[in-house]
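Below you'll find the structure, written out as structure tokens, and then a few comments.
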């Protein structure tokens, strides 16, 4: 079940790599005015979190400068996204493979 106007979990859009190292991977897809984020963390510790904050700030800056309005992700772990000031859309939840997910969005500053 998907409520709202967000892309489904499966898309045919190509995934592009924004950051990749031995600790985490950040990929994205471009969907209209949205940048759809995909993040995989292989090793989580304070130094990795600090690097993730740096990468995230760079993403927001670069995508805002390119004219995108939002960065969006669909996640089962809203609290992790809140570490990066993501805001969950309480009206947009979905069930995928018997697990509840929520849409989290960041509004980008236009340069």
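In this note's numbering, the protein residues as written are 26 to 136. Heads up, the beta-carbon is just placed ideally off N, CA and C, and yes, glycines get one too.
> In this structure, does DSSP put residue 87 in helix, strand or coil?
Replying inline: Walking along the chain shown from the start, residue 87 turns up at place 62. Look at residue 87 here: in three-state DSSP terms it is helix.
>> If contacts are defined as beta-carbon pairs under 8 Å, then residue 80 and residue 112 qualify, I think. What distance do you get, rounded to the angstrom?
In response: Mapped onto the chain shown, residue 80 falls at position 55. Mapped onto the chain shown, residue 112 falls at position 87. At roughly 19 Å, the Cβ-Cβ gap does not stay under 8 Å, so residue 80 and residue 112 are not in contact.
> Between residue 98 and residue 61, which are expected to be in contact by the criterion C-beta below 8 Å, what is the C-beta distance as a whole number of angstroms?
Replying inline: By 1-based counting over the chain shown, the position of residue 98 is 73. By 1-based counting over the chain shown, the position of residue 61 is 36. Taking C-beta atoms under 8 Å as the contact rule, residue 98 and residue 61 qualify, at a distance of about 7 Å.
> Nearest to residue 56 by CA position, among 48, 88, 74, is which residue?
Replying inline: Indexing the chain shown from 1 puts residue 56 at position 31. When each option's Cα is compared against that of residue 56, the closest is 88.
> The alpha helix (DSSP H) spanning residue 52 covers which residue range?
Replying inline: Position 27 of the chain shown, counting from 1, holds the residue named residue 52. Note, residue 52: premise wrong, no alpha helix (DSSP H); beta strand (DSSP E) at 49-56.
> Can you name the start and end residues of the alpha helix (DSSP H) that residue 3 belongs to?
Replying inline: Residue 3 is absent from the model: the chain starts at 26 and stops at 136.
>> Using CA atoms only, rank isn't needed, just tell me which of 128, 70, 93 is closest to residue 49.
In response: On the chain shown, position 24 is the one that residue 49 refers to. Nearest neighbour of residue 49 by Cα position, chosen from 128, 70, 93, turns out to be 70.
>> Using the Cβ count rule (16 or more neighbours within 10 Å means buried), how would you classify residue 68?
In response: Taking the first residue of the chain shown as position 1, residue 68 is located at position 43. Classification of residue 68: exposed, given that the 10 Å Cβ count is below 16.
> Going by beta carbon distance, what residues of the same chain come within less than 8 Å of residue 108, once the five residues before and after it are set aside?
Replying inline: What you label residue 108 is simply residue 83 of the chain shown in a count that begins at 1. These residues qualify, in order along the chain: 74.
>> Can you tell me whether residue 127 is helix, strand or coil according to DSSP?
In response: Here residue 127 corresponds to residue number 102 of the chain shown, with the count starting at 1. In this structure, DSSP gives residue 127 an extended state, which the three-state scheme calls strand.
> Between the C-alpha atoms of residue 85 and residue 37, what's the straight-line distance to the nearest angstrom?
Replying inline: Taking the first residue of the chain shown as position 1, residue 85 is located at position 60. Taking the first residue of the chain shown as position 1, residue 37 is located at position 12. Rounded to whole angstroms, the gap between the alpha carbons of residue 85 and residue 37 is 24 Å.
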